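**Student:** Numbers given in the working numbering equal positions in the sequence shown, counted from 1, plus 755. Once you've had a glance at the structure underneath, I'll fire off some questions.
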Amino acid sequence: MPKKYRLPEKKKVDLSDYDPKDTGSFASKEDVTEKIRDLELELQELQEKLIASKQQSVLFIFQGMDCSGKDGVIKKVFAGLNPQGISAYSFKTPTEDEARHDFLWRTHHLVPPLGQITVFNRSYYEEVLITRIHGKVDDAEAKQRFKHINHFEALLADSRVKVVKIFLHISKEFQLEKLISRIEDPSKNWKFDPSDLLERKSWKQYGKYYEELFEKCSKASPWHIVPSDNRWYRNYAVLNIAVDALRSLELKDPPANPELQLLLEEIKREEG
756 MPKKYRLPEK
766 KKVDLSDYDP
776 KDTGSFASKE
786 DVTEKIRDLE
796 LELQELQEKL
806 IASKQQSVLF
816 IFQGMDCSGK
826 DGVIKKVFAG
836 LNPQGISAYS
846 FKTPTEDEAR
856 HDFLWRTHHL
866 VPPLGQITVF
876 NRSYYEEVLI
886 TRIHGKVDDA
896 EAKQRFKHIN
906 HFEALLADSR
916 VKVVKIFLHI
926 SKEFQLEKLI
936 SRIEDPSKNW
946 KFDPSDLLER
956 KSWKQYGKYY
966 EELFEKCSKA
976 SPWHIVPSDN
986 RWYRNYAVLN
996 IAVDALRSLE
1006 LKDPPANPEL
1016 QLLLEEIKRE
1026 EG
């Protein structure tokens, strides 16, 4: 499953080749219910080993157009994990202080320490996406930033931080349905942001910029394109990718501590 959506390194990408409605060999949510349960249990076990060993860490990066479900998939996939071993951050418009630093500053200090998982809802990739859409960064500067991002992700890899990048791929029609529902349903009004309509007008340009960064920023860690028009399949696919990422670390339980046996004997004497 993860390999199906993993993009090849440094290859040109055409998003039209990927069907956002794809559900693989499954027809409904019921077809993956048991598989999801098994994967959730395995992810919990792998996280426990990650915490115990403190030898590696994992950074999950989620990108996607508005309404692609970044909040939802993060909640669904990682909800069952030990909260002491995972953190999640959402990146909006930089604050005044953040804007005075280099474009990687506000995310770098949130990279997970060894033994931890961190999830980014949007990321430093916004600095070569929305900044270009709104003319704050030109193409030449964006290409320079691609180089910095590649060096940054290579640094993370050398520091035993596994970066897992996931693009939630939705159709323009699906986004429209979601925007309309957020306006029509009073209970969902809080989710609606008028700026989403403005960004929607740049749909094709966003697609072009995403395709470019998929090609240019794939050396240290590959991108995954996940079909996301069907929420149940999106959750299943991302869960597969998450489990596969932790499996690849070949995590092992930490070695036994022989000195604890002395403490055990002391405790038993106390009981006697």
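No residue lacks a Cβ here, since even glycine has one placed at the ideal position from N, Cα and C. These numbers were taken from a predicted model, which means no experiment stands behind them.
Report the start-end ranges of each alpha helix (DSSP H) in the stretch 965-1009 that is 4 residues or longer and not cut off at the edges.
**Tutor:** 986-1002
**Student:** Return helix, strand or coil for Ser-812, following the three-state DSSP convention.
**Tutor:** strand
**Student:** Counting only C-beta atoms, is Trp-945 closer than 7 Å to chain D at any point?
**Tutor:** The chain inventory of the structure shown lacks chain D, comprising one protein chain alone.
**Student:** Flag this pair as yes or no: are the beta carbons of Ser-823 and Leu-923 separated by less than 7 Å?
**Tutor:** With contacts defined as CB atoms closer than 7 Å, Ser-823 and Leu-923 qualify as a contacting pair.
**Student:** Quick one: measure Cβ to Cβ for Lys-765 and Ser-973, integer angstroms, because I've assumed they're closer than 8 Å.
**Tutor:** At roughly 6 Å, the Cβ-Cβ gap stays under 8 Å, so Lys-765 and Ser-973 are in contact.
**Student:** Considering only the beta carbon of each residue, do Leu-865 and Lys-809 sit closer than 7 Å?
**Tutor:** no
**Student:** Pick out the complete alpha helix (DSSP H) segments inside the stretch 821-901, 4 residues or longer, and give them in chain order.
**Tutor:** For the stretch 821-901, whole alpha helix (DSSP H) runs of length 4 or above, ordered along the chain, are 825-833, 851-854, 860-863, 885-888.
**Student:** I think Leu-805 touches Leu-1006, with their Cβ atoms under 8 Å apart; what is that distance to the nearest whole Å?
**Tutor:** Indeed they touch by this definition, with Cβ atoms about 6 Å apart.
**Student:** Taking a contact to mean a Cβ-Cβ separation below 7 Å, would you say Phe-947 touches Ile-938 in this structure?
**Tutor:** yes
**Student:** Evaluate contact between the stretch 904-911 and the stretch 984-993, counting only Cβ atoms and requiring at least three cross-stretch pairs below 8 Å.
**Tutor:** Fewer than three pairs of CB atoms, one per stretch, sit closer than 8 Å, so the stretch 904-911 makes no contact with the stretch 984-993.
**Student:** Can you name the start and end residues of the alpha helix (DSSP H) that Ile-938 belongs to?
**Tutor:** 927-939
**Student:** Please report the straight-line C-alpha distance between Asp-857 and Leu-1018, rounded to a whole angstrom.
**Tutor:** Straight through space, the alpha carbons of Leu-1018 and Asp-857 are spaced by roughly 51 Å.
**Student:** Taking C-alpha atoms, which residue in Phe-875, Gln-871, Val-916 lies nearest to Gly-819?
**Tutor:** Phe-875
**Student:** Here's the rule: buried if 16 or more other CB atoms are within 10 angstroms of the residue's CB, otherwise exposed. What is His-979?
**Tutor:** buried
**Student:** Hey, could you find the ends of the alpha helix (DSSP H) Leu-952 is sitting in?
**Tutor:** 950-955
**Student:** Please name the residue, chosen from Lys-920, Gln-839, Ile-935, Thr-850, that lies closest to Leu-952 on a Cα-to-Cα basis.
**Tutor:** Comparing Cα-Cα distances from Leu-952 to each of Lys-920, Gln-839, Ile-935, Thr-850, the minimum goes to Ile-935.
**Student:** Among the candidates Glu-795, Asp-826, Glu-954, whose CA atom is the shortest distance from the CA of Ile-888?
**Tutor:** Glu-954
**Student:** What are the residues that DSSP puts in a beta bridge with Leu-923?
**Tutor:** DSSP, once it has assigned bridges, lists Gly-819, Val-981 as partnering Leu-923.
**Student:** Nearest CA to the CA of Lys-920: which residue from Val-981, Thr-848, Gln-1016?
**Tutor:** Comparing Cα positions, the closest option is Val-981.
**Student:** Val-813 and Ile-885 - do their beta-carbons sit closer together than 7 Å?
**Tutor:** no
**Student:** For a quick check, are the C-beta atoms of Leu-798 and Val-998 less than 7 Å apart?
**Tutor:** yes
**Student:** If I measure Cβ to Cβ from Gln-811 and keep anything under 6 Å in the same chain, skipping five residues before and after, which residues do I get?
**Tutor:** Arg-915, Leu-1004
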